[in-house]
Amino acid sequence: MKTLIQLCLIAVVLYGCAGGINPKDTAAVEAAFSKYEESDGKAIFKEKCARCHGYRLPETRTTEKWPKIIDRMAPKAKLTDDQKSAVLAFVTKHGKTS
């Protein structure tokens, strides 16, 4: 039973780290982001956030979850308050509705 629980936890962690668009596939990255209008939030998200997370797109999270994620990650990405606001506006506009 203990081994099963450990395997499940490992699977959850690996699932959370997987996914997204391969950063080396620049054509796929550009195609995926082309559906969004140009904005400071999009540019910052693409440069400072998505790159480290395998270019996951805003719709991978709900609009309710994004504020907590951005609050937690903004210091790690060294975002200014203005950058943080722009990214939050971008991801909540394009996030999943619950």
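The UniProt record's numbering puts the last residue of the sequence shown at 98; the count rises by one with no breaks. Ideal Cβ placement from N, Cα and C applies to all residues, glycine included. As the structure is a computational prediction, the values presented were derived from the model and not from experiment.
Check, Outcome
"Taking only three categories from DSSP, how would you classify Lys84?", "helix"
"DSSP on Lys96, reduced to helix/strand/coil?", "strand"
"Suppose the cutoff is 6 Å on Cβ atoms and the five residues either side in sequence are ignored; what does the same chain contact list for Ala28 look like?", "Ile21"
"Applying the 10 Å Cβ sphere with the 16-neighbour rule, what's the burial state of Pro58?", "buried"
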